[in-house]
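Those letters in the sequence shown? Residues 55 to 205, per the working numbering, in order. All C-beta atoms in this analysis are idealised placements derived from N, C-alpha and C, irrespective of residue type, glycine included. Taking it in order: structure first as structure tokens, then the write-up.
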Amino acid sequence: MQGRRKAREVALQVLYSLNFVSLDVEKAQELFWGNFVAPKSAKEFAATLISGAWHHREELDEMIGGCSDNWSLGRMSKVDISILRMAVYEFLYCDDIPAKVSINEAVDLGKMFGSENSGSFINGILDALNLKINKKNAAKPDHSSPRPAKA
Numbered sequence: 055m056q057g058r059r060k061a062r063e064v065a066l067q068v069l070y071s072l073n074f075v076s077l078d079v080e081k082a083q084e085l086f087w088g089n090f091v092a093p094k095s096a097k098e099f100a101a102t103l104i105s106g107a108w109h110h111r112e113e114l115d116e117m118i119g120g121c122s123d124n125w126s127l128g129r130m131s132k133v134d135i136s137i138l139r140m141a142v143y144e145f146l147y148c149d150d151i152p153a154k155v156s157i158n159e160a161v162d163l164g165k166m167f168g169s170e171n172s173g174s175f176i177n178g179i180l181d182a183l184n185l186k187i188n189k190k191n192a193a194k195p196d197h198s199s200p201r202p203a204k205a
């Protein structure tokens with residue numbers, strides 16, 4: 055969906071800028087939308103990604119750090135961190151988006167906005183994190199099915 059692609063690009067730009075300015079999330083979005091135009095659906099999805107990724111960044115950073123062997127968040131580029139936060143936010147909080155879609159979109163953003171190695175770097179971390187999340191979810195008991203009757 056082209057609208058969501060545009061929303062992710064916008065979200066990346068706002069999240070990236072929040073690393074360098076002392077603005078609250080809403081003000082940063084207002085400033086961005088004061089200079090750019092996008093369809094309403096893209097604005098809404100971008101706002102969800104921006105607010106969610108920014109407000110949950112400590113949780114997201116911990117998860118990213120747990121899957122980035124030999125790379126502390128301090129060594130990562132701000133573009134890559136912003137893309138990773140957004141994708142991990144989608145993993146955890148956007149049930150309507152398959153993990154593969156989030157990964158592919160994040161890799162594409164890394165290739166467009168990051169360094170020449172960003173795409174593969176982002177792909178490696180997100181694949182590892184997705185695997186970890188899937189293993190964790192598989193280990194959880196399924197409470198949706200009824201328990202067998204006692205004999």
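Proximity winner among Val68, Ser156, Leu72, Phe74, relative to Trp87 (alpha-carbon distances): In terms of CA proximity to Trp87, Val68 leads the group Val68, Ser156, Leu72, Phe74.
Taking only the alpha-carbon atoms, compute the straight-line gap between Pro202 and Ile118 and give it to the nearest angstrom. Any answer about Pro202 is weak, because its pLDDT of 44 lies below 50 and its placement is not dependable; what the coordinates show is given next. So the two alpha carbons sit approximately 39 Å from each other.
Rounded C-beta distance between Ala96 and Ala61? I'm assuming under 8 Å. Right, their Cβ atoms sit about 4 Å apart.
4-residue-minimum alpha helix (DSSP H) runs that sit fully inside the segment 91-161, ordered along the chain: The segment 91-161 contains these whole alpha helix (DSSP H) runs: 94-109, 111-120, 132-147.
Any contact of the segment 69-80 with the segment 178-188, i.e. 3+ C-beta pairs under 8 Å? Judged by Cβ distances under 8 Å, the segment 69-80 makes no contact with the segment 178-188, as fewer than three pairs qualify.
Beta-carbon gap between Phe175 and Asp134 smaller than 8 Å: Remark: C-beta atoms of Phe175 and Asp134 approach each other more closely than 8 Å.
Judging by CA-CA distance, which residue of Glu170, Met140, Leu146, Ile157 is the nearest neighbour of Ser105? Selected option, being the one with the closest Cα: Met140.
Closest Cα partner of Asp150 within the set Phe99, Leu66, Ser71, Gln83: Nearest C-alpha to Asp150: Phe99.
Along the chain, where does the alpha helix (DSSP H) that runs through Asp78 open and close? Counted as a single uninterrupted DSSP element, the stretch harbouring Asp78 is not any alpha helix (DSSP H), since DSSP gives it neither H nor E.
Residue burial classification, Gly164 (beta-carbon count within 10 angstroms, cutoff 16): Classification of Gly164: buried, given that the 10 Å Cβ count is 16 or more.
Please confirm whether Val142 and Leu183 have their CB atoms less than 8 Å apart. Yes. Within cutoff.
Just checking my contact of Lys132 with Asn73 at CB under 8 Å: how many whole Å lie between their CB atoms? In this structure Lys132 is in contact with Asn73, their Cβ atoms being roughly 5 Å apart against a cut-off of 8 Å.
For Gly57, collect the residues of the same chain with a Cβ closer than 6 Å to its Cβ; drop the 5 residues on either side in sequence, then sort them by chain order. In chain order, Pro93, Ser95, Ala96 place their CB closer than 6 Å to the CB of Gly57, counting only its own chain and leaving out the 5 sequence neighbours on each side.
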